[in-house]
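Some notes on the structure that comes next.
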Amino acid sequence: MSFPTKAAITGVHGYVPDYVLTNGELSTMVDTNDEWIVSRTGIKERRILKGEGQGTSVMGIEAVRGLLEKTNIQPAEIDLLLCATVTPDFVFPATANLIAHACGLGHTPSFDVNVACSGFLYALTMGAQFIETGKYRKVIVVGADKMSAIIDYTDRSTCVLFGDGAGAVLLEPNAEGYGLLDSVLHSDGGGVQHLYQPAGGSKYPPTADTVARREHFARQEGPAVFKFAVVRMADVSAEIMQRNSLTPDDVAWLVPHQANKRIISATAERMGIGMDKVMLNIQRYGNTTAATIPLCLWDYESQLNKGDNLVLSAFGGGLTWGAAYVKWGY
Ligand SMILES: CC(C)(COP(=O)(O)OP(=O)(O)OC[C@H]1O[C@@H](n2cnc3c(N)ncnc32)[C@H](O)[C@@H]1OP(=O)(O)O)[C@@H](O)C(=O)NCCC(=O)NCCS
56 MSFPTKAAIT GVHGYVPDYV LTNGELSTMV DTNDEWIVSR TGIKERRILK
106 GEGQGTSVMG IEAVRGLLEK TNIQPAEIDL LLCATVTPDF VFPATANLIA
156 HACGLGHTPS FDVNVACSGF LYALTMGAQF IETGKYRKVI VVGADKMSAI
206 IDYTDRSTCV LFGDGAGAVL LEPNAEGYGL LDSVLHSDGG GVQHLYQPAG
256 GSKYPPTADT VARREHFARQ EGPAVFKFAV VRMADVSAEI MQRNSLTPDD
306 VAWLVPHQAN KRIISATAER MGIGMDKVML NIQRYGNTTA ATIPLCLWDY
356 ESQLNKGDNL VLSAFGGGLT WGAAYVKWGY
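Taking this note's numbering, the leading residue of the sequence shown gets 56, the next gets one more, and so forth.
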């Protein structure tokens, strides 16, 4: 039986910085405690990239180098590199350019995708298109964020949630029925005020006043984002199952964006699957924005089997949300 060419994930790797920021340490910085953070979010600790001049690319480079090594692919074989991030090293050039250069990809095209926490799903879908059309044969998709660069560590309702990390996958053509089989992506720019960084872009360039008003940090209306996420991430995950006639028994794993364990549980419930089928590492990394999904795949790689049906789903600033159906290829 022959299948249309799809983009299969043929390798995954990740990187998290060494420094562990525990709930205990956070409780010395803001008025919070381990019990509150764990019961409201599921997070125990997160990783922080320390050091002057250390940007998101540092983590992306580690993830991509590890990916190339483990898949035994030469940098020159890569046709395209995409990097999903909201914390680029610079406003420009793209962090993808920096990663590609440092990893020896030469003049390979590379660019960033900025869709906040849904970034990896969007970039995965884009990368897959280049493979499905036959334009490229080897595409790397990175999700990487140094959230500690834009988190206000005096705002207790936000600073407990986020951490730093990077994950990367290799996409290659597959005509045997494996790979990214479907995806559903959505956005609603009407929700910008619920989750955004007010200053530092072209609308409000940096001034002494924007710095004094702490507008270069992420601003979030937690309960509004929570309500949106519980409905949208659950709905879109159910939608991708329905579109592909997947029953709860057919789904081997839900690979959810790791923002809040309660949002993840609500999504699993809506899909009709138990938490034993849900990839979860929020307790160790918190919300690493574009990196959560590839970091989950990396952590659970040894438990995946060829042919497993995976539902990837995410939501984030924008607002944005989406889901993908992946048949695992190795
Ligand atoms: C942020 C979030 C954890 C807050 O949880 P919540 O149950 O909604 O809590 P609320 O914001 O209603 O706050 C409840 C109380 O806890 C307090 N609180 C907030 N953060 C706290 C913290 N870190 N430690 C202790 N208390 C805290 C609030 O001040 C509030 O106190 P009050 O009742 O005296 O006013 C939750 O709203 C959330 O996860 N939202 C989604 C965020 C998200 O996913 N963002 C990423 C998108 S990609």
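C-beta atoms are modelled at their ideal positions from N, C-alpha and C, and glycine is treated no differently.
- Given a length threshold of 4 residues, each whole run of the alpha helix (DSSP H) inside the region 104-177 is given here in chain order: 111-126 and 150-157.
- Excluding residues up to 5 positions away in sequence, Ser-82 lie with their Cβ nearer than 6 Å to the Cβ of Asn-88 in the same chain.
- In chain order, Tyr-259, Glu-270 and Arg-274 place their CB closer than 7 Å to the CB of Pro-253, counting only its own chain and leaving out the 5 sequence neighbours on each side.
- Given a length threshold of 4 residues, each whole run of the alpha helix (DSSP H) inside the region 205-279 is given here in chain order: 211-214 and 263-267.
- The DSSP-derived three-state label of Trp-308 is strand.
- If you draw a straight line from the Cα of Gly-115 to the Cα of Leu-104, it comes to about 12 Å.
- Scanning Ser-242, Met-334 and Phe-147 for the CA closest to the CA of Lys-316 turns up Met-334.
- For Val-170, the Cβ stays outside the 8 Å cut-off from all heavy atoms of ligand 1.
- Put simply, the backbone Cα of Ile-92 is about 24 Å away from that of Leu-374.
- Relative to Ser-320, the option among Ser-357, Thr-347 and Ala-284 whose CA is nearest is Ala-284.
- In the three-state reduction of the DSSP assignment, Lys-99 falls in the coil class, being assigned neither a helical nor a strand state.
- Rounded to whole angstroms, the gap between the alpha carbons of Tyr-380 and Ala-267 is 44 Å.
- Assigned with DSSP and collapsed to three states, Leu-335 falls in coil, not helix or strand.
- Pairwise C-beta distances place the region 359-373 in contact with the region 301-312, as three or more of them are shorter than 8 Å.
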